[in-house]
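Chains as they are written, first to last, in the working numbering: chain A, 999 to 1291; chain B, 3 to 240; chain C, 5 to 320.
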């Protein structure tokens, strides 16, 4: 029976990890390629989770159905955040403190989002109690939560679509062009700021999906936003700064480390173990575990 | 009709220091004009300002009567002013074909895509042979060719060439300019050329301006300029 | 010399504060000034690394907490040690811990460093929370000195720390900090050991933050994980210098003051728990959009600009 428990834990870890992986993906997309550093996607995710909760409790719409509305809304929110708040920093070089400035602005915005959530929904833990929240699929004596399967599926789907878009479409090629040489991209006639804004929009839309799945597996409270942001960044660092595949593996790993710590040791230490692991990684492989060549 | 007209242009990277100090010149229809000057005269700064990478502090730039200073780089490209930059110019992480295709952004360019592509591959057969490879694998000369090819794919209505010779062997430079001459004759568009090697630039262009410390000190036909003291000085200087 | 001016202003400020304390009975304001001073000290410590080296730390609460717990733990175990000695020991402990932890952390730059320091905060807090020997979540009460002694002590330390940092950044070491931040390659070429320079800023900064933590234990008479090691503490330590003007002693001083005052104002305006972050976040965004370097350098720049324009007009 102990054996089944372990497998159960691993499955749970992968399920939770897919939320971190999604957030990591959102960060890696704008950071790894366009050098835009965001510290607000965790808060965006939680905001989406709250909106999903609000829609579910007020009109009873399923969170997955509300995604159809929320994804475009958050795409535009992200688009205009980039246009209004991030644009002034896009011409800064890294040594001029570009990342610091971007971190501070996005973090400030994230703080505002968190505060608004506190004001509207208070700090009480909320839960979206959809009927399938605790539904499971049974394979012999293993029970797999349906929500975890769905989130893993969504993660893979988003990754595939993203890779396909990056490889094949005009938008993707422009995006890759902007990622290596901003000036040449402009001289080629690519609207650099627009590409950045669209990317930020897409990454915000990914955060919505992450937030929805988080709300379906956890109870939500506003302060979780910053925590999710950091978990997402841990995935990016472990994954080797911007390789999308590496970030996904790293995100799943983060989830695994947390669930295994809870299983074998004390749940309160799961984050401590994760960050000790991160510090060790910084000593032995500062470039990340799955560094892109 | 004046294609490009620059009036009292002032630009600089620092708020206190002007690199271009009130520069004025113009380019006529179907004319090839060279801008020569010693290192640090502000030639590349001028190119960057025309293509919108740098915002001018004061002064005006007109293209076919339309004011373009203050417009964004991609809007200027959309008008048909296409620059082959001094550095970069290609995307090393894209294949040669992708590099060329991504440059087809204007409506006109999209219509003429096939024709332009043939023209590029015909002018630079080396690119055709490697079209599936990443641009990062090309040699310096081939990269310049690709950079020029990208400009052609935009169906330019005016071409800005910024220091094509930079970092290339003399033989390669000579070949490149021969091909460019053919190309520009075929395309029949005005060209503004900036070049370290004065001789090549004045040989390529019909008319020239001499720039010193952000100002134009001399203008005239290429042949006349070649004999002047100012040009001789640059010649010795570089 | 410039430093003399600082010392004189510091002494005057201290005397004024003492007069204020004697002549009025404004317990609330005195209390508030002492609270601000704690964050001024901690912020100056953060600024050495964040401003002068350019590495943002999101986990300075760790050093704050080590300082506080060095005072609290012996009290919790009923050891009779002089509290002031413990405060100084706390600063030392924070410094030693920074020295050890700088080995993995300073190998990375930018936000791996940021995330790493945040992680460090989480690790230490979790350890304290689950360890009964460290009094877990219960915390420790400290029977501290009377307010008539602790308040002037804290103010005195704050003034001394500000002067010390101002002195330090104009020393050889302080100039090396700036060299490492602005021109790392050139700094390496003239023989500056980048790691050592960063580590010394980190350690000295951590000691100052630890000092603030120790004084906090005296000030509040209470230590617990969330007050000492909490994210909130890290956030307000770093926000002060960032909003005021990183890499500037006066900027950090103003910033810490503004942020703590704003926080309290926001708490009284928006009474919902957590709602005060709205004002803090908005201030951060507005400051960053208006002046990338923070309020103080922004104002200095503006004044210079106006002066220049005025002189130009006079010249004409």
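Yeah, the Cβ is synthetic: ideal placement off N, Cα and C, and Gly gets one too. Owing to the predicted nature of the structure, the values given are computational and were not obtained by experimental measurement.
Proximity of residue i and residue j at Cβ, strictly below 9 angstroms
i: residue 62 of chain C; j: residue 208 of chain C; result: no
i: residue 282 of chain C; j: residue 1057 of chain A; result: no
i: residue 56 of chain B; j: residue 25 of chain B; result: no
i: residue 237 of chain C; j: residue 64 of chain C; result: yes
i: residue 12 of chain B; j: residue 75 of chain B; result: no
i: residue 1273 of chain A; j: residue 126 of chain C; result: yes
i: residue 189 of chain B; j: residue 5 of chain B; result: no
i: residue 40 of chain C; j: residue 206 of chain C; result: no
i: residue 1187 of chain A; j: residue 84 of chain B; result: yes
i: residue 1202 of chain A; j: residue 1039 of chain A; result: yes
i: residue 1206 of chain A; j: residue 1043 of chain A; result: yes
i: residue 130 of chain C; j: residue 1269 of chain A; result: yes
i: residue 1135 of chain A; j: residue 53 of chain B; result: no
i: residue 1008 of chain A; j: residue 1257 of chain A; result: yes
i: residue 60 of chain C; j: residue 242 of chain C; result: yes
Where residue i falls, given that 16 or more other Cβ within 10 Å makes a residue buried
i: residue 118 of chain B; result: buried
i: residue 87 of chain B; result: buried
i: residue 32 of chain C; result: exposed
i: residue 1283 of chain A; result: exposed
i: residue 1098 of chain A; result: buried
i: residue 113 of chain B; result: exposed
i: residue 1180 of chain A; result: buried
i: residue 100 of chain B; result: buried
i: residue 1124 of chain A; result: buried
i: residue 28 of chain C; result: exposed
i: residue 1281 of chain A; result: exposed
i: residue 1265 of chain A; result: exposed
i: residue 81 of chain C; result: exposed
i: residue 21 of chain C; result: buried
i: residue 175 of chain B; result: buried
i: residue 1263 of chain A; result: exposed
i: residue 267 of chain C; result: buried
i: residue 1005 of chain A; result: exposed
i: residue 279 of chain C; result: buried
i: residue 297 of chain C; result: buried
i: residue 106 of chain C; result: buried
i: residue 180 of chain C; result: buried
i: residue 318 of chain C; result: exposed
Beta-carbon contacts of residue i that lie in its chain and below 8 angstroms, excluding the five residues immediately before and after
i: residue 43 of chain B; result: 213, 214, 215, 216
i: residue 1029 of chain A; result: 1035, 1036, 1234, 1239, 1240
i: residue 170 of chain B; result: 142, 143, 146, 178
i: residue 155 of chain B; result: 102, 103, 105, 106, 111, 115, 118, 119, 122
i: residue 1286 of chain A; result: 1235, 1236, 1237, 1238, 1239, 1244, 1248, 1279
i: residue 21 of chain B; result: 13, 14, 15, 44, 47, 216
i: residue 164 of chain B; result: 45, 46, 49, 85, 86, 87, 88, 196
i: residue 1012 of chain A; result: 1146, 1150, 1250, 1253, 1254
Contact set for residue i: own chain, Cβ-Cβ below 6 angstroms, skip 5 residues either direction
i: residue 1121 of chain A; result: 1219
i: residue 1199 of chain A; result: 1073, 1076, 1077
i: residue 50 of chain B; result: 56
Spatial neighbours of residue i in its chain, beta-carbon cut-off 7 angstroms, leaving aside the 5 residues before and after
i: residue 18 of chain C; result: 159, 160, 163
i: residue 90 of chain C; result: 74, 75, 78, 218
i: residue 1291 of chain A; result: Low local confidence applies: a pLDDT of 40 at residue 1291 of chain A is under 50, so the model's placement there is unreliable, with the coordinate-based value given in what follows. The answer is none, since no qualifying residue turns up.
i: residue 1153 of chain A; result: 1016, 1019, 1020, 1246
i: residue 1002 of chain A; result: 1139, 1140
Minimum C-alpha distance to residue i - residue among the options
i: residue 42 of chain C; options: C/309, C/213, C/300, C/255; result: C/213
i: residue 98 of chain B; options: B/68, B/150, B/71, B/70; result: B/150
i: residue 219 of chain B; options: B/94, B/233, B/163, B/46; result: B/233
i: residue 148 of chain B; options: B/90, B/17, B/187; result: B/90
i: residue 46 of chain C; options: C/294, C/264, C/316; result: C/264
i: residue 254 of chain C; options: C/273, C/170, C/53, C/297; result: C/170
i: residue 67 of chain B; options: B/231, B/33, B/7; result: B/7
i: residue 37 of chain B; options: B/229, B/231, B/208; result: B/208
Residue-chain proximity (residue i, chain F), Cβ-Cβ < 9 angstroms
i: residue 152 of chain B; result: This model lacks chain F altogether, as its protein chains are A, B and C.
Within the region 1153–1191 of chain A, ranges of the alpha helix (DSSP H) (whole runs, at least 4 residues): 1168–1178, 1180–1185
4 or more residues per run - each alpha helix (DSSP H) lying fully within the region 41–101 of chain B: 45–52, 75–81
Unbroken stretches of the alpha helix (DSSP H), 4 residues or longer, contained in the region 84–116 of chain C: 87–109
Runs of beta strand (DSSP E) lying entirely within the region 180–220 of chain B, each at least 3 residues, in chain order: 193–196, 209–214
Minimum length 4: unbroken alpha helix (DSSP H) runs contained in the region 1078–1156 of chain A: 1096–1119
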